[in-house]
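*Asks:* The structure is given below, and queries will be raised subsequently.
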Amino acid sequence: MSNSHKCIVYHKTKSAATVNFFTPLSFCDKIIVLESMKGRHIVMKLQKLYRYVRQATDEYNLIEDGDKIAVAVSGGKDSLALLYALAGLKRFYPASFTICAITIDIGFGMDFTPVKRLCDELDVPFFICHTQIKNIVFHPENPNGSCSFCANLRRGALISKALELGCTKLALGHHKEDIIYTMMMSMLFEGRFYAVSPYTAYDDSQIAVIRPLIYVSEGEIKNFAQQYQLPVIKNLCPRDGHSARSDMKPLMKQLTSIYPDAKDRFFHAIENGNIDDWTAARTHMDVKQLIKNRKMQEKTINSSKADKSGGEL
6 MSNSHKCIVY
16 HKTKSAATVN
26 FFTPLSFCDK
36 IIVLESMKGR
46 HIVMKLQKLY
56 RYVRQATDEY
66 NLIEDGDKIA
76 VAVSGGKDSL
86 ALLYALAGLK
96 RFYPASFTIC
106 AITIDIGFGM
116 DFTPVKRLCD
126 ELDVPFFICH
136 TQIKNIVFHP
146 ENPNGSCSFC
156 ANLRRGALIS
166 KALELGCTKL
176 ALGHHKEDII
186 YTMMMSMLFE
196 GRFYAVSPYT
206 AYDDSQIAVI
216 RPLIYVSEGE
226 IKNFAQQYQL
236 PVIKNLCPRD
246 GHSARSDMKP
256 LMKQLTSIYP
266 DAKDRFFHAI
276 ENGNIDDWTA
286 ARTHMDVKQL
296 IKNRKMQEKT
306 INSSKADKSG
316 GEL
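Residues 6 to 318 in our numbering are what the sequence shown spells out, letter by letter.
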């Protein structure tokens with residue numbers, strides 16, 4: 006790496022030092038990286054990623070004292086950015102928590118050695134689970150094995166391993182656009198207003214799923230991955246990039262070309278749209294209990310109105 010592409014790192018307890026970009030900068034509490042590229046100086050703060058993740062964590066109480074969080078690491082930019090963020094956040098977040106990384110090998114022969122190396126640098130325990138998911142999804146008797154089916158199998162394997170390790174939370178790397186895309190898919194395919202929530206507790210499991218990157222855009226993650234040279238691993242699945250969620254990207258691109266604020270407006274609608282899962286996420290209330298409580302409240306209100314009107318409404 007030439008001198009023009011090296012970084013100057015400032016730390017509150019250390020003097021400036023010239024380092025390679027591959028240096029694990031997440032160990033610094035306050036970092037300012039100045040990179041000279043094509044005659045321009047770009048100021049980038051790792052604190053911005055921390056701030057977004059902490060905002061989501063505080064808003065939805067994603068991390069509690071004593072949590073052991075399993076970070077689902079596929080090798081993609083989103084999961085690696087999430088790993089990087091939580092590895093740094095745990096050093097100064099008020100609640101004490103630990104993390105580990107879990108990778109599900111679905112059977113395409115992908116080399117996850119770079120991920121293992123990054124985990125070693127971040128001092129994060131790394132676990133890889135070898136599965137037969139590829140053979141199940143692409144079985145001749147299952148020609149239409151969908152991406153959602155594969156995702157369910159991977160999530161099941163992740164939860165199983167996380168529980169085996171004694172984890173209380175499973176962190177997934179869904180970013181802001183992912184949340185919006187699930188809303189678009191729900192409206193187009195199901196005819197209802199819904200989006201995956203920042204916090205999900207499963208009835209049949211003792212673990213909760215959290216999504217700390219909901220306030221981070223895909224563009225910001227791409228930039229972060231490039232600037233910090235995260236070891237992104239190419240997904241060898243032949244269906245990668247051909248899912249229903251991927252189909253939402255050109256639709257969103259067309260919308261934002263006409264309405265530049267479309268993404269922010271959609272996300273605002275999700276957060277304030279009284280979606281049961283999002284309302285429950287803020288209080289960690291079970292969604293079924295939330296719906297039951299609402300129906301009881303509606304019944305009480307209707308009964309009160311009926312009494313005042315002198316009969317049934």
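Ideal placement from N, C-alpha and C gives every residue a C-beta, glycine not left out.
1. Span of the alpha helix (DSSP H) holding A77?
2. Quick check on this structure: which residue in V129, F117 and C152 has the alpha carbon closest to the alpha carbon of K73?
3. Please determine, among L163, D183 and E182, the residue with the shortest C-alpha to C-alpha distance to K174.
4. Spatial neighbours of I215 within its chain, please: C-beta separation below 6 Å, excluding the five flanking residues on both sides.
5. Residue ranges of each alpha helix (DSSP H) run of no fewer than 4 residues wholly in the segment 180-207, ordered along the chain?
6. Does the Cβ-Cβ distance between L88 and R59 come in under 8 Å?
7. Can you give me the Cβ contacts of R270 inside the same chain, cut-off strictly under 8 Å, excluding the 5 residues immediately before and after it?
8. Count the other CB atoms within 10 Å of the CB of M301; is the residue buried (16 or more) or exposed (fewer)?
9. Report, in whole angstroms, the separation of the C-beta atoms of L108 and F102, which I expect to be a contact under 8 Å.
10. At what residues does the alpha helix (DSSP H) containing I275 begin and finish?
11. When DSSP labels each residue in this structure, what does F154 get in the three-state scheme?
12. Consult DSSP for F399 and reduce its assignment to one of helix, strand or coil.
13. For the structure I just gave you, are there three or more beta carbon pairs, one from the segment 245-256 and one from the segment 178-190, closer than 8 Å?
14. When you compare each of K258, A267, L170 and E225 to Q52 by their alpha carbons, which one comes out closest?
15. Rounded to a whole number of angstroms, what is the C-alpha to C-alpha distance between I36 and Y55?
16. Quick one: what's got a C-beta closer than 7 Å to H135's C-beta in the same chain, skipping five residues either side?
17. Excluding the 5 residues preceding and the 5 following A86 in the sequence, name in chain order all residues of the same chain whose CB lies nearer than 8 Å to its CB.
18. Could you tell me if F272 is buried or exposed, where buried requires 16 or more neighbouring beta carbons within 10 angstroms of its beta carbon?
19. Whose CA, out of K82, M290 and G80, lies closest to the CA of S202?
20. Could you check where the alpha helix (DSSP H) with V58 kicks off and where it finishes?
21. CA-CA distance, A200 and I185?
22. Assign D110 to one of three DSSP states: helix, strand, or coil.
23. Helix, strand or coil for L4? Go by DSSP, reduced to three states.
24. Taking just the CA atoms, how far does R96 sit from F113?
25. What is the rounded straight-line gap between the Cα of L123 and the Cα of A77?
26. Output the distance between the C-alpha atoms of R159 and F132, rounded to the nearest integer angstrom.
27. CB E69 to CB A100, shorter than 8 Å?
28. Excluding five sequence neighbours on each side, which residues of the same chain lie with their C-beta closer than 8 Å to the C-beta of F194?
29. Enumerate in chain order the residues of its own chain whose CB-to-CB distance from C242 is below 7 Å, with the five nearest sequence positions on each side excluded.
30. Please classify G80: is it buried, with 16 or more other beta-carbons within 10 angstroms of its beta-carbon, or exposed?
*Replies:* The short version:
1. Not the alpha helix (DSSP H): A77 falls in the beta strand (DSSP E), residues D72 to A77.
2. V129
3. L163
4. L67, K174, A176 and Y204
5. 181-194
6. no
7. Y264
8. exposed
9. The question names Leu, but residue 108 is Thr in the sequence shown. At roughly 20 Å, the Cβ-Cβ gap does not stay under 8 Å, so T108 and F102 are not in contact.
10. A267 to E276
11. helix
12. Because the chain is modelled from 6 through 318, residue 399 falls outside the range shown and cannot be assessed.
13. yes
14. E225
15. Confidence in I36 is poor, its pLDDT being 37 and thus under 50, which makes the residue's placement too unreliable to answer from.
16. D110
17. L54, G178, L218, V221, I226, F229, A230 and L235
18. buried
19. M290
20. L51 to Y65
21. 7 Å
22. strand
23. Absent from the structure is residue 4, since the part of the chain shown begins at 6 and ends at 318.
24. 35 Å
25. 14 Å
26. 14 Å
27. yes
28. A249
29. F113
30. buried
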